[in-house]
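Asks: Here you go, one structure.
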Amino acid sequence: MMASLSEIRKALATVIRQNVTVELQDYSEVPDVLRLPAIVVKPSTGDFTGAFQRGLDTWEFEVYVLVARQNSQTQQELLDEFLTGAGPNSIRRVVYENPTLGRSDVIDAMVKRMRGYGGTFQAAQVQHTGAILTVTVHTDGSN
Numbered sequence: 001m002m003a004s005l006s007e008i009r010k011a012l013a014t015v016i017r018q019n020v021t022v023e024l025q026d027y028s029e030v031p032d033v034l035r036l037p038a039i040v041v042k043p044s045t046g047d048f049t050g051a052f053q054r055g056l057d058t059w060e061f062e063v064y065v066l067v068a069r070q071n072s073q074t075q076q077e078l079l080d081e082f083l084t085g086a087g088p089n090s091i092r093r094v095v096y097e098n099p100t101l102g103r104s105d106v107i108d109a110m111v112k113r114m115r116g117y118g119g120t121f122q123a124a125q126v127q128h129t130g131a132i133l134t135v136t137v138h139t140d141g142s143n
């Protein structure tokens, strides 16, 4: 059976949360963020034309990586750890090492790019800064 969009989104968040060394919260929406550091995984686009007979679906997700704004140097260093390509808190490393996100219907997942570094958000009167990673997930669309 093919994974639903919700299942893929949850699998991506779970793989990230369980494979970094810092306690990381995951939320459905940026306004819900109450504890930091946190990630918010949001679907961005879906492409269903990857192969004949529905053989490949391609999903893009925006992963908002958020840290507290107080003590800016320490928090910026933590944000950098999440965004860099290696190390115990690297989200790129986690996705690279878990390309199926623990699912049999996910063919491949990869972090493609980063944007919005230093962007600020505020939710529940908690100010935070962060960046957005774009993650591409290929799934078997024929099941």
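The sequence shown lines up with residues 1 to 143 when you count with UniProt numbering.
Ideal Cβ positions, reconstructed from N, Cα and C, are used throughout, including at glycine.
Predicted model only: the values in this text are computed from it and were never measured.
1. As a quick exercise: from A13, R103, I107, pick the residue whose alpha carbon is nearest that of residue 144.
2. Confirm, please, whether the CB-CB distance from D57 to H138 is below 9 Å.
3. Which residue or residues does DSSP assign as beta-bridge partners of P43?
4. Short of 6 Å in beta carbon distance, which residues of its chain neighbour N98, apart from the five on each side in sequence? Order them along the chain.
5. Kindly list the residues whose CB is nearer than 6 Å to the CB of Y117, restricted to its own chain and excluding five residues on each side of it in sequence; keep chain order.
6. If we count the other Cβ atoms within 10 Å of its Cβ and call it buried at 16 or more, is V22 buried or exposed?
7. Compute the minimum distance between the beta carbon of L24 and the heavy atoms of the ligand FMN, and state whether it is under 8 Å.
Replies: Taking the structure as given:
1. One cannot answer for residue 144 here, as it falls past the ends of the chain, which runs 1 to 143.
2. The count along the sequence shown starts at 1 and reaches residue 138 at position 138. The count along the sequence shown starts at 1 and reaches residue 57 at position 57. Yes, these two residues count as a Cβ contact at 9 Å.
3. Here residue 43 refers to the residue found at position 43 of the sequence shown. Answer by DSSP bridge pairing, in chain order: F61.
4. By 1-based counting over the sequence shown, the position of residue 98 is 98. Excluding five sequence positions before and after N98, the CB atoms of its chain that fall closer than 6 Å to its own CB belong to V15, given in chain order.
5. Residue mapping note: residue 117 aligns to position 117 of the sequence shown, counting from 1. Around Y117: A131.
6. Numbered from its first residue, the sequence shown carries residue 22 at position 22. Exposed, by the Cβ-count rule.
7. Among the components of this structure there are no ligands whatsoever, and the ligand FMN is therefore not found.
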